[in-house]
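S.K.: For the sequence shown, my numbering gives the first residue as 20, with consecutive numbering after it.
Idealized CB from N, CA, C, for every residue including glycine.
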Amino acid sequence: MTDPRRIYHLNSLNTRPGCVIYWMQRDQRAFDNWALNYAQERALAMHQPLVVVFCIVPGFLGATIRQYEFMIKGLAITARKLGKLNIPFCLLQGLPHVMLPGFAEQMQAGLMVTDFNPLRLPMEWKSKVAGCISIPFHEVDAHNILPCRHISDKLEYAAFTLRKKVGHKLPEFLTEFPSLVRHPVFPVFHELTGPDWTEVMKSLQVDRDVPGVDWLSPGENNASAALIDFIGKRLDTYDTERNFPNLKGQSDLSPYLHFGHLSAQRVAIEIQKSTGNPASKQAFMEELIVRRELADNFCLHNPDYDNFNGFQPWARATLNKHRDDPREYQYTVAQFEQAFTHDDLWNAAQREMVVTGKMHGYMRMYWAKKILEWTQSPEEAIAIAVYLNDKFELDGRDPNGYAGIAWAIGGTHDRPWGERSIFGMIRFMNYQGCKRKFDINKYIHNNPK
Ligand code: FAD
Ligand code: FO1
């Protein structure tokens, strides 16, 4: 059974007999998906059909054809898996509150289930849908191992405050998943022909200037293969190699985790079972559980997660104090986007993101901090960092990104450091520091103009 602490009622209506709809958004997978498991539990209890629906909304937070192609190819794979389990997958195109009420009527639904997402736009979608439907509407946290709404009811100050809450509760939630069963009831009325995926891709109204990437393939199967590959080949050196941009020390799982092709809980279960180097396992679980779930907590409890007002008071004060400090360099968003700065290392990081759709984690810190240094204000810096991150990163438009940018530019989840110009007491990083840490010429050479 799905742990009730994962479930949040978006309205207070009681379930009535009828088809159960899972409105899939963030957790785009058939397996290891608590929201889908819960929807099936409820449908089986009422001997009702179960239907999965996804609403394609063009232009989501600046996403381009790069991210939509990755997402849609992944959805097609999940749709096939669901079809084999007698669970139809329906694709709607348009705003959820416009499309879903009619769909629920048509399906004579008795319950709508959706997954958890702390971002402003998906939350707005949900409250609008809740206002337009007359059936119970339940949200299930299928993204976090420890349900975000349950593990903390406030904005956590830093990793150590959340880690304390995660620590002793983890075994309660880090459990195996129940398996989906072949659904015994199929909706009798509704021509449930699968979507025409080619047509969907062709008709999408999105920016088509950012090419897709070919170094990783989308969908649940490729995500599971990537996890097995990481555990087998790179987990052991994660703690010593993950922060070196010239090494392939990270897992490269973030695009799969972002689109929900892979469950973080599945990752944690498999890492825990592995016989790898304990220091690496611990380091990885810290990032996967504490850092990642801290980002969801940040976005859920901080409405200004993507702007200056969302910084801690100490950070706003120190950045205000240094607001008028002279900037030795200053660039426009176009110059940043074209990697036209004076700094060859920063330009290489920008090119890595533009070309591959995934900048190395260590370089993301340097990259964002230099945008603060080379723009007129922290507000402009955040706007540019969010714009570029969400346009080019496969894993962009994610709480991890907003928390990462707030950390780099506004000291979120960090502490004050020695005061200096422009940064004030926000942690500083510089070219020399990178030069001392790794072979920057090799990194620059690996990300050519
Ligand atoms: P690994 O090191 O293998 O980590 C495994 C998983 O742990 C990641 O997939 C992620 O889910 C989680 N994780 C690791 N580091 C962090 C972190 N610092 N914060 C939160 N979760 C973490 N992450 C995104 O998913 N999307 C973004 O748009 C994004 N933008 C960032 C911007 C800046 C300025 C900074 C400083 C960080 C950003 N991050 C972002 C966080 C982190 O850099 C990436 O999650 C990581 O590099 C993804 O690569 P990986 O999966 O190979 O990481
Ligand atoms: N969620 C949807 O429900 N519909 C969409 O059309 C959609 C597009 C999209 C494009 C890029 C991207 O990175 C995410 C997108 N999402 C969409 C949301 C995504 O599944 C997550 O809910 C959010 O990114 C939060 O992590």
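Is DSSP giving Met448 helix, strand or coil here?
M.R.: Counting from 1 along the sequence shown, the entry for residue 448 is found at position 429. Coil, per DSSP.
S.K.: Please determine, among Thr83, Val39 and Gln44, the residue with the shortest C-alpha to C-alpha distance to Ala128.
M.R.: As a working note, residue 128 is residue 109 in the sequence shown. For the residues Thr83, Val39 and Gln44, the minimum Cα distance to Ala128 belongs to Val39.
S.K.: What is the DSSP secondary structure of Phe89, reduced to helix, strand or coil?
M.R.: Counted from its first residue, the sequence shown places residue 89 at position 70. Helix at Phe89.
S.K.: Could you say which of Asn56, Ala123, Leu104 and Leu130 lies nearest to Asn33 if we only look at CA atoms?
M.R.: As a first step, residue 33 must be located in the sequence shown, where it is residue number 14. For the residues Asn56, Ala123, Leu104 and Leu130, the minimum Cα distance to Asn33 belongs to Leu130.
S.K.: Got a sec? Which residues, its chain only, sit under 6 Å from Gly186 by beta carbon, not counting five neighbours each side?
M.R.: Position 167 of the sequence shown holds residue 186. Cβ neighbours of Gly186 beyond the five flanking positions: none.
S.K.: For Thr133, name the three-state secondary structure that DSSP assigns.
M.R.: Within the sequence shown, residue 133 is the residue found at index 114, counting from 1. Thr133: strand per DSSP, three-state reduction.
S.K.: Please report how far the alpha carbon of Asn449 lies from the alpha carbon of Thr256, in whole angstroms.
M.R.: Within the sequence shown, numbered from 1, the residue matching residue 449 stands at position 430. Within the sequence shown, numbered from 1, the residue matching residue 256 stands at position 237. Cα to Cα, Asn449 sits roughly 26 Å from Thr256.
S.K.: What are the partner residues of His28, as DSSP defines its beta bridges?
M.R.: Sequence index remark: in the sequence shown, residue 28 carries index 9 (1-based). Note: His28 sits in a beta bridge opposite His157.
S.K.: Determine whether the beta carbon atoms of Asp160 and Asp46 lie at a separation below 7 Å.
M.R.: For the purposes of this step, residue 160 is taken as residue 141 along the sequence shown, with counting starting at 1. For the purposes of this step, residue 46 is taken as residue 27 along the sequence shown, with counting starting at 1. It is not a contact, given that the beta carbons lie outside the stated cut-off.
S.K.: So for Ile152, helix, strand or coil by DSSP?
M.R.: As a position in the sequence shown, residue 152 is number 133, starting the count at 1. The answer is coil: DSSP assigns Ile152 none of H, G, I, E or B.
S.K.: Confirm, please, whether the CB-CB distance from Phe317 to Tyr324 is below 7 Å.
M.R.: To locate residue 324, count along the sequence shown from 1; it is residue 305. To locate residue 317, count along the sequence shown from 1; it is residue 298. For Tyr324 and Phe317, yes; Cβs fall inside 7 Å.
S.K.: In whole angstroms, what is the alpha-carbon distance linking Phe359 and Gly452?
M.R.: Indexing the sequence shown from 1 puts residue 359 at position 340. Indexing the sequence shown from 1 puts residue 452 at position 433. About 21 Å.
S.K.: Mind checking whether Leu165 and His320 have CB atoms under 7 Å apart?
M.R.: Counting from 1 along the sequence shown, the entry for residue 165 is found at position 146. Counting from 1 along the sequence shown, the entry for residue 320 is found at position 301. Going by C-beta atoms, Leu165 is not nearer than 7 Å to His320.
S.K.: Suppose the cutoff is 7 Å on Cβ atoms and the five residues either side in sequence are ignored; what does the same chain contact list for Cys151 look like?
M.R.: By one-based count along the sequence shown, residue 151 stands at place 132. Excluding residues within five positions, the ones whose Cβ falls inside 7 Å are His116 and Pro120.
S.K.: Shorter than 6 Å, the distance from the beta carbon of Gly420 to the closest heavy atom of the ligand FAD, or not?
M.R.: The count along the sequence shown starts at 1 and reaches residue 420 at position 401. Gly420 Cβ: within cutoff of the ligand FAD.
S.K.: Considering Cα atoms alone, identify which of Glu305, Ala54, Glu371 and Val229 is closest to Asp22.
M.R.: Indexing the sequence shown from 1 puts residue 22 at position 3. The shortest C-alpha separation from Asp22 is found at Ala54.
S.K.: Of all Cβ atoms in chain D, is any one closer than 7 Å to the Cβ of Glu60?
M.R.: Note that chain D does not occur in the displayed structure, where there is just one protein chain.
S.K.: Could you check if Gln369 is buried or exposed, using at least 16 other CB atoms within 10 Å of its CB as the buried criterion?
M.R.: In the sequence shown, residue 369 corresponds to position 350, counting from 1. By the 10 Å Cβ count, Gln369 comes out buried.
S.K.: Please list the segments of the alpha helix (DSSP H) lying wholly inside the region 375-423, counting only runs of 4 or more residues, in order along the chain.
M.R.: Counting whole runs of 4 or more residues, the region 375-423 contains the alpha helix (DSSP H) stretches 380-392 and 397-411.
S.K.: Between the region 383-402 and the region 337-354, can you find at least three pairs of beta-carbon atoms closer than 8 Å?
M.R.: Because the criterion of three Cβ pairs below 8 Å is met, the region 337-354 and the region 383-402 touch.
S.K.: In three-state DSSP terms, what is Phe122?
M.R.: For the purposes of this step, residue 122 is identified with residue 103 of the sequence shown, where counting begins at 1. Phe122: helix per DSSP, three-state reduction.
S.K.: If you draw a straight line from the alpha carbon of Phe263 to that of Met65, how long is it in whole angstroms?
M.R.: Counting from one through the sequence shown, the residue named residue 263 turns up at place 244. Counting from one through the sequence shown, the residue named residue 65 turns up at place 46. Rounded to the nearest angstrom, the two C-alpha atoms are 53 Å apart.
S.K.: Please report the distance separating the alpha-carbon of Asp226 from that of Asn408.
M.R.: In the sequence shown, residue 226 corresponds to position 207, counting from 1. In the sequence shown, residue 408 corresponds to position 389, counting from 1. Cα to Cα, Asp226 sits roughly 15 Å from Asn408.
S.K.: Give every residue of the same chain whose Cβ lies closer than 8 Å to the Cβ of Ile441, excluding the five residues on either side of it in the sequence, and list them in chain order.
M.R.: Reading the sequence shown from its first residue, position 422 is the one you call residue 441. Within the same chain, Ile441 has close Cβ partners His341, Asp344, Arg346, Leu391 and Glu392.
S.K.: Counting only runs of 3+ residues fully inside the region 254-297, write out the beta strand (DSSP E) ranges in chain order.
M.R.: Runs of the beta strand (DSSP E) inside the region 254-297: none found.
S.K.: Is Ser270 close to the ligand FAD? I mean its beta-carbon at under 6 Å from any heavy atom of the ligand.
M.R.: The residue labelled residue 270 in the question sits at position 251 within the sequence shown. Flag set: Cβ of Ser270 near the ligand FAD.
S.K.: Considering only residues of the same chain and omitting the five flanking positions on each side of Gly295, which have a CB-CB separation below 6 Å?
M.R.: Numbered from its first residue, the sequence shown carries residue 295 at position 276. Excluding positions up to five away in sequence, the list reads Leu254 and Asp255.
S.K.: Is the beta carbon of Ser243 within less than 6 Å of some heavy atom of the ligand FAD?
M.R.: In the sequence shown, counting from the first residue as 1, residue 243 sits at position 224. Ser243: no, Cβ never under 6 Å from the ligand FAD.
S.K.: Is Leu338 close to the ligand FO1? I mean its beta-carbon at under 6 Å from any heavy atom of the ligand.
M.R.: Residue numbering aside, residue 338 sits at position 319 when the sequence shown is read from its first letter. Result no, Cβ not under 6 Å from the ligand FO1.
S.K.: Please confirm whether Asp315 and Asn163 have their CB atoms less than 7 Å apart.
M.R.: Here the question's residue 315 lines up with position 296 in the sequence shown. Here the question's residue 163 lines up with position 144 in the sequence shown. Yes, these two residues count as a Cβ contact at 7 Å.
S.K.: Restricting to Cα atoms, I'd like to know which of Asn339, Leu29 and Glu399 is closest to Pro155.
M.R.: One-based indexing of the sequence shown puts residue 155 at position 136. The option with the nearest alpha carbon to Pro155 is Leu29.
S.K.: Buried or exposed for Asn460, please, with buried defined as at least 16 other CB atoms from any protein chain shown within 10 angstroms of its CB.
M.R.: On the sequence shown, residue 460 is found 441 positions in, with the first residue counted as 1. Exposed, since its Cβ has fewer than 16 Cβ neighbours within 10 Å.
S.K.: What does DSSP give as the partner residue(s) for Phe73 in the beta ladder?
M.R.: Working through the sequence shown from its first residue, we reach residue 73 at position 54. Answer is Leu110, bridged to Phe73.
S.K.: For Leu140, count neighbouring Cβ atoms within 10 angstroms of its own Cβ and tell me buried if that reaches 16, exposed if not.
M.R.: Here residue 140 is taken as the residue at index 121 of the sequence shown, counted from 1. Counting Cβ neighbours within 10 Å, Leu140 comes out exposed, since fewer than 16 surround it.
S.K.: At a cut-off of 6 Å, would you count Asp417 as near the ligand FAD, judging by its Cβ distance to the nearest heavy atom?
M.R.: Here the question's residue 417 lines up with position 398 in the sequence shown. True, at least one ligand heavy atom lies under 6 Å from that Cβ.
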